[in-house]
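All letters in the sequence shown, in the order written, are residues -22 to -1, 1 to 138 by mature numbering (1 follows the signal peptide of the UniProt record, and there is no 0).
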Amino acid sequence: MNPIRSILMATTLMLTSGAVHAQTLEQLRTAPKSAERNTEATIGAYAAGYKAGFLCSALFNGGKTLDQIEADELTGIYPLVEDQARQLQAEIDYQAKRVRVAYDMNMPPRISAWRPHLGCVDLPPGARVAALDQVLSVTLSTADEAICPTPACRGPIMHR
């Protein structure tokens, strides 16, 4: 390649990358802060997801009462969602071990569901109960089988 042509190409690349870099920095500087991007619907989804997730975990993992959860898990939380989380109503299905919290008439409720051995899983905003069919679950007979799946690796059974 011609040396003059190489110099021109290198200079063009440097100038272009500098302009792109300056433009990117300007975009970052003038971009709205994350708090400015939170819409009412977004904050509602955060609050409903928070409430569903903490209710599910505290009820079905921790065995807490609703009064205990209100005092311990749903008080003193993120200021962005605290007021709204307090106002949202939760629908608790004790048999299915699932919590749903509605937050917007145009969106499905936020859902958190308990799974044996794994705890609660929070579905993303917009997901419906049917999505739980896609969530990981495990079946274990005993804690020993979780650590060591075959009798051979468990060693001899000791009796007193």
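C-beta: ideal position from N, C-alpha, C; glycine also. Since the structure is predicted, the reported quantities are computational estimates derived from the model, not experimental observations.
If you compare alpha carbons, which of Val79, Cys98, Gln73, Thr117 is closest to Gly104? By 1-based counting over the sequence shown, the position of residue 104 is 126. It is Val79 whose Cα lies nearest to the Cα of Gly104.
Taking the straight line between their C-alpha atoms, what separation do you get for Leu66 and Val113? Residue 66 sits at position 88 when you count from the first residue of the sequence shown. Residue 113 sits at position 135 when you count from the first residue of the sequence shown. One C-alpha to the other measures close to 25 Å.
Val59 and Ala25 closer than 7 Å at C-beta: Counting from one through the sequence shown, the residue named residue 59 turns up at place 81. Counting from one through the sequence shown, the residue named residue 25 turns up at place 47. Cβ distance < 7 Å, so Val59 and Ala25 count as in contact.
Would the beta-carbon of Tyr28 fall within 7 Å of that of Ala68? Indexing the sequence shown from 1 puts residue 28 at position 50. Indexing the sequence shown from 1 puts residue 68 at position 90. No, they are not a contact pair.
Under the DSSP definition of a beta bridge, which residues are partnered with Gly104? To locate residue 104, count along the sequence shown from 1; it is residue 126. BP columns for Gly104 are empty, so no partner.
Sorted by chain position, which residues of the same chain lie with C-beta nearer than 7 Å to Gly22's C-beta, five sequence neighbours on each side aside? Locating residue 22 in the sequence shown gives position 44, counting from the first residue. For Gly22, where only same-chain residues beyond five positions count, the Cβ hits under 7 Å are Gln62, Tyr81, Asp82.
Roughly how many whole angstroms lie between the Cα atoms of Lys42 and Ala30? In the sequence shown, residue 42 corresponds to position 64, counting from 1. In the sequence shown, residue 30 corresponds to position 52, counting from 1. If I take the Cα positions, the gap works out to 14 Å.
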